[in-house]
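*Asks:* Protein chains in written order, with numbering that gives the first Met the number 0: chain A, 0 to 140; chain B, 0 to 140; chain C, 0 to 140; chain D, 0 to 140.
Protein chains: 4
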Amino acid sequence: MDGIHEMKSASEIVNLMMNKDEFSSWMDIKIENIEKGKCSLSCHIRQEMLNGFSIAHGGIAYSIADSTLAFAANSYGFQSFSIETSISHLVKVQQGDVLKSNSIEIHRGNKTAIYQIEVFNQNKIMVAIMKGTVYISKIVW
Amino acid sequence: MDGIHEMKSASEIVNLMMNKDEFSSWMDIKIENIEKGKCSLSCHIRQEMLNGFSIAHGGIAYSIADSTLAFAANSYGFQSFSIETSISHLVKVQQGDVLKSNSIEIHRGNKTAIYQIEVFNQNKIMVAIMKGTVYISKIVW
Amino acid sequence: MDGIHEMKSASEIVNLMMNKDEFSSWMDIKIENIEKGKCSLSCHIRQEMLNGFSIAHGGIAYSIADSTLAFAANSYGFQSFSIETSISHLVKVQQGDVLKSNSIEIHRGNKTAIYQIEVFNQNKIMVAIMKGTVYISKIVW
Amino acid sequence: MDGIHEMKSASEIVNLMMNKDEFSSWMDIKIENIEKGKCSLSCHIRQEMLNGFSIAHGGIAYSIADSTLAFAANSYGFQSFSIETSISHLVKVQQGDVLKSNSIEIHRGNKTAIYQIEVFNQNKIMVAIMKGTVYISKIVW
């Protein structure tokens, strides 16, 4: 009305991102917490997520971490895109485990930002750690 | 019979790994080529693999690359485990795209090895590149 | 004169970067080749570069690779800054070795680019491999 | 005497590593703290460490982080070797800055371990962060 663009809140943005997100829906990812620059997700490990060793495929922990990174990075209102992610798998993830992720904002500049994402199991043991770099565009959500 | 342990071939090992691999089965990953230290896979991008931007979730290209790494690293007959993977997403992956991965063995020592995994789309454009480090155990397949 | 900004050549840019570069001078880095998007350097390993194991400190191969990345990324005429680098040390580097680096441009977008830097010794054995991500600014050299 | 091998302390090991370490000596790296699995170093940025932009070469922060990783990883008494390091440079480092590093042990298994190394300047601003993976050998210091 008054020409001032109103920025969406962190929750509104993540809801927009989660809507129609078919893969997160298949994974049944739950949002535990979302605020500016910070995100926490959870996911229950099902049989369809296992590999031939009967442990979760590495792509599962990566996907949870990558979504956490995307939500944390986009939460300020500017569309942001992952450009590099480095993940270490620390402990085996098994069927029935409930994974929970947390993001830590290491650095946020004007154009790029770096987040650390930690993924824990239900026993609070860290199963994976990611260092992710994003590019921050000028496109407003 | 004669006490000599016969090493399984690269194909036999990957077939063992793919059997009961429920996530690769969900992704419908196809083995294009497998030989000692080398693997190529393909995967057709379906609607269930998309995120809220209607492009493939980053976890999809990661999963293909991670499986390629695992198969290439295990193909010599010793069980090997990914310890660190760094992936760069270069180009958007869309529904209907057919991704194809290739592994390059950068270095193989006694205990650890490093592979580069390149993922291309059907237009031979590289969509993702991974540098992966594995630990090579003494456990024979 | 005519208002058209003349872009500097890759060589001119790298000469500007090398001038007053005191650390490269200490390392005695030589430019083997420089062209748009491509760089090759060499460096002779001296006693002052060794660690307590009497092999070259990991920071030496990293520094050569990082300079190669910087020169290749800046060679188009826009100031570019490394934001993430992942390096694997493959083979021990010893006093008297002559290292030679090569850059490969994996992807170059408008805002970010990814380069792979390979470092070889005088026997053409790869001693280190880096995947580096740079941010490309609008600042003209 | 009694056939029992006495393990060296963290300090004894790092002193052995620092002795004859010519590059750390050139950098004038100081040990701030060393204990089992934990290390902190400091380094004063001199003119010889600058690049052509008159800021510290990326190899300087990397070298401090890499030494911190090496000392923390070796401190348990078994020779350990860096196999993969991923570093993000966050803030420019300038002549006269005093950098201080801290290690965090993310995970320590039997064969491999992962450390995070944070590097700060004298204003307690983080200038670089590294995720490093090491291989733990059976060789006793």
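No residue lacks a Cβ here, since even glycine has one placed at the ideal position from N, Cα and C.
Just so we're clear, the structure is a prediction, and the values are computed from it rather than from any experiment.
Taking Cβ positions, are C/SER87 and B/ILE135 nearer each other than 7 Å?
*Replies:* no
*Asks:* Taking the beta carbon of C/MET6 as the centre, do at least 16 other beta carbons fall within 10 Å, making it buried, or is it exposed?
*Replies:* Exposed.
*Asks:* Count the other CB atoms within 10 Å of the CB of D/ILE82; is the residue buried (16 or more) or exposed (fewer)?
*Replies:* buried
*Asks:* Cβ closer than 7 Å: which chain B residues qualify as neighbours of C/THR132?
*Replies:* Those within 7 Å of C/THR132 in chain B are SER87.
*Asks:* Using a beta-carbon distance below 7 Å, is A/ALA110 in contact with chain C?
*Replies:* The sequence shown places Lys at residue 110 of chain A, rather than the Ala named in the question. Yes, contact with chain C.
*Asks:* Have a look at the DSSP bridge pairing and note the partners of B/TYR114.
*Replies:* B/GLU104, B/GLY131
*Asks:* For the beta strand (DSSP E) that contains A/SER81, what are its first and last residues?
*Replies:* 77-88
*Asks:* State yes or no: is the beta carbon of C/ILE105 nearer than 7 Å to at least one beta carbon in chain B?
*Replies:* At a cut-off of 7 Å, the C-beta of C/ILE105 has a neighbouring C-beta in chain B.
*Asks:* How would you write the range of the beta strand (DSSP E) that A/GLU11 sits in, first residue to last?
*Replies:* Not the beta strand (DSSP E): A/GLU11 falls in the alpha helix (DSSP H), residues 9-17.
*Asks:* Restricting to Cα atoms, I'd like to know which of B/ASP20, B/GLY95, B/ILE138, B/ALA9 is closest to A/HIS56.
*Replies:* Ranking the options by Cα distance to A/HIS56, first place goes to B/ASP20.
*Asks:* What is the rounded straight-line gap between the Cα of A/CYS42 and the Cα of A/TRP25?
*Replies:* 11 Å
*Asks:* Contact defined as beta carbons within less than 8 Å: I believe B/LYS99 pairs with B/PHE70. What is the distance between those atoms, to the nearest angstrom?
*Replies:* Between B/PHE70 and B/LYS99 the Cβ distance is about 14 Å, and since that is not below 8 Å, they are no contact.
*Asks:* At a CB-CB cut-off below 9 Å, which residues of chain C make contact with A/ILE54?
*Replies:* Neighbours of A/ILE54 on chain C: none; closest Cβ ~25 Å, over 9 Å.
*Asks:* Along the alpha helix (DSSP H) that carries C/SER62, what are the first and last residues, could you check?
*Replies:* In the DSSP assignment, C/SER62 falls within the unbroken alpha helix (DSSP H) covering 57-73.
*Asks:* Using a C-beta cutoff of 7 Å, does A/ILE116 count as contacting chain D?
*Replies:* no
*Asks:* Rounded to the nearest angstrom, what separates A/SER102 and D/SER53 at their Cα positions?
*Replies:* 34 Å
*Asks:* Could you tell me the alpha carbon to alpha carbon distance between C/GLU117 and B/SER8, rounded to whole angstroms?
*Replies:* Taking the straight line from one Cα to the other gives about 31 Å.
*Asks:* Helix, strand or coil, according to DSSP, for B/SER136 in the structure here?
*Replies:* strand
*Asks:* So for B/PHE119, helix, strand or coil by DSSP?
*Replies:* strand
*Asks:* Can you pull the DSSP bridge partners for A/GLU34?
*Replies:* Note: A/GLU34 sits in a beta bridge opposite A/LYS37.
*Asks:* If I measure Cβ to Cβ from D/ASN50 and keep anything under 6 Å in the same chain, skipping five residues before and after, which residues do I get?
*Replies:* HIS56
*Asks:* Which class does C/MET6 belong to by DSSP, given the choice of helix, strand or coil?
*Replies:* coil
*Asks:* Give the residues of chain C in contact with A/ILE147, contact being defined as C-beta atoms less than 8 Å apart.
*Replies:* Residue 147 of chain A lies beyond the range of chain A shown here (0 to 140); nothing can be said about it.
*Asks:* Going along the chain, which residues of its own chain have a beta-carbon closer than 6 Å to the beta-carbon of D/ILE59, five neighbours each way excluded?
*Replies:* Once the five neighbours on either side are set aside, the close Cβ partners of D/ILE59 are MET48.
*Asks:* Below 6 Å CB to CB, which residues in the same chain sit around B/ILE128 once its five sequence neighbours on both sides are set aside?
*Replies:* SER87, GLU117
*Asks:* Does the beta-carbon distance from B/LYS130 to B/SER85 come in below 7 Å?
*Replies:* yes
*Asks:* Are A/ILE30 and A/GLN78 touching if we call contact CB-CB under 7 Å?
*Replies:* no
*Asks:* My guess is that C/ILE12 and C/GLY76 are in contact by the Cβ rule of under 8 Å, so how many angstroms apart are they, rounded?
*Replies:* 7 Å
*Asks:* Closer than 8 Å between beta carbons: that is the criterion. Which residues of the segment 9-22 of chain C meet it against chain D?
*Replies:* LEU15, MET16, MET17, ASN18, LYS19, ASP20, GLU21, PHE22
*Asks:* Strictly by DSSP, which residues pair up with C/LYS29?
*Replies:* C/SER41
*Asks:* Using 8 Å for Cβ pairs, my map puts B/GLN94 next to B/ILE44. What's the rounded Cβ distance?
*Replies:* Going by Cβ atoms, the distance from B/GLN94 to B/ILE44 rounds to 6 Å, so yes, they are a contact pair.
*Asks:* In angstroms with no decimal places, state the Cα-to-Cα distance between D/THR132 and B/GLY36.
*Replies:* 22 Å
*Asks:* Indicate whether B/LEU40 and B/ILE28 have their beta-carbon atoms separated by less than 7 Å.
*Replies:* yes
*Asks:* Take the Cβ of A/VAL97 as the centre, count every other Cβ of all protein chains shown within 10 Å, and call the residue buried at 16 or more, exposed below.
*Replies:* exposed
*Asks:* Pull the bridge partners of C/MET125 from the DSSP assignment, please.
*Replies:* C/PHE119
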